[in-house]
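These notes are about the structure you will find just below.
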Amino acid sequence: MLSIVRNFSRLSVQTSRTLTPVLSSTSNTQVLLGCRKPFGSPFQPYQPIQVCAMSTLNQVIRGCRKQKSKLSKSPALEKSPQRKGVCTKVYTTKPKKPNSAQRKVARVRLTTGKTIIAYIPGEGHNLQEHSVVLVRGGKVPDLPGVKYHIIRGALDCQGVPNRTTSRSKYGTRKPAEKKEK
Numbered sequence: 001m002l003s004i005v006r007n008f009s010r011l012s013v014q015t016s017r018t019l020t021p022v023l024s025s026t027s028n029t030q031v032l033l034g035c036r037k038p039f040g041s042p043f044q045p046y047q048p049i050q051v052c053a054m055s056t057l058n059q060v061i062r063g064c065r066k067q068k069s070k071l072s073k074s075p076a077l078e079k080s081p082q083r084k085g086v087c088t089k090v091y092t093t094k095p096k097k098p099n100s101a102q103r104k105v106a107r108v109r110l111t112t113g114k115t116i117i118a119y120i121p122g123e124g125h126n127l128q129e130h131s132v133v134l135v136r137g138g139k140v141p142d143l144p145g146v147k148y149h150i151i152r153g154a155l156d157c158q159g160v161p162n163r164t165t166s167r168s169k170y171g172t173r174k175p176a177e178k179k180e181k
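Under UniProt numbering, think of the first position of the sequence shown as 1, with each following residue one higher.
Given below as structure tokens:
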């Protein structure tokens, strides 16, 4: 019994389903053939399963498990929170299928030399060609390929006028309170 356990542990194999293993004894070695369903018919033959190899303890000690590096969602910023850029073209584009609108976007050449397409949030804007803007990361859900936002109220991009809610997101200053006499 102990030899079966040793040979089975040497296989270092993980099954993809939690089913009872069926072992075949050919000569003195134990080989994992497949698995039988726990409550299946006794006349039904075993069903072969997908077997995936696991790393052994020695392989783990040698350092086989490497963490996969996550891909950046805004690669053109090169791990910076924001980048400065110059607008090369300001235009509108249509969103993906269920939505219908004219989304304002700008093609921006960043200080890194890369050219990107950035969304201009808020109602109305003063951007034109050669405007200097500050760009942050952030996708637009219904515009494919647009992974960046222009920051309102920074550099040449003015804030949204007459905005009362979420002013900090749109670069709008606090309205002056009226003094009553």
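We treat Cβ as the ideally placed atom computed from N, Cα and C, and that holds for glycine.
Nonlocal neighbours in the same chain, by C-beta distance under 6 Å from Arg163, ignoring five residues either side: Once the five neighbours on either side are set aside, the close Cβ partners of Arg163 are Tyr170, Thr172.
Legend entry - Backbone secondary structure at Ala101 - three-state DSSP: coil
Fill in: The beta strand (DSSP E) enclosing Val140, as first and last residue numbers
Taken as a continuous stretch (DSSP letters only), Val140 belongs to no beta strand (DSSP E), as it is neither H nor E.
ask   = From Ser74 to Ser168, what does the alpha carbon distance come to, in whole angstroms?
value = 22 Å
Self-check item: Identity of the residues DSSP links to Arg107 by a beta bridge
Solution: Lys89, Ile117
Practice prompt. Quick one: give me the first and last residue of the beta strand (DSSP E) that Ile150 is part of.
Written response: Segment 148-150, the beta strand (DSSP E) holding Ile150.
* To do: Name, in chain order, the residues that DSSP records as bridge partners for Gln82.
  => Arg136
Notebook entry, point to check: Which residue comes first and which comes last in the alpha helix (DSSP H) that contains Val60?
Noted result: 57-62
Helix, strand or coil: how does DSSP classify Thr172 here?
coil
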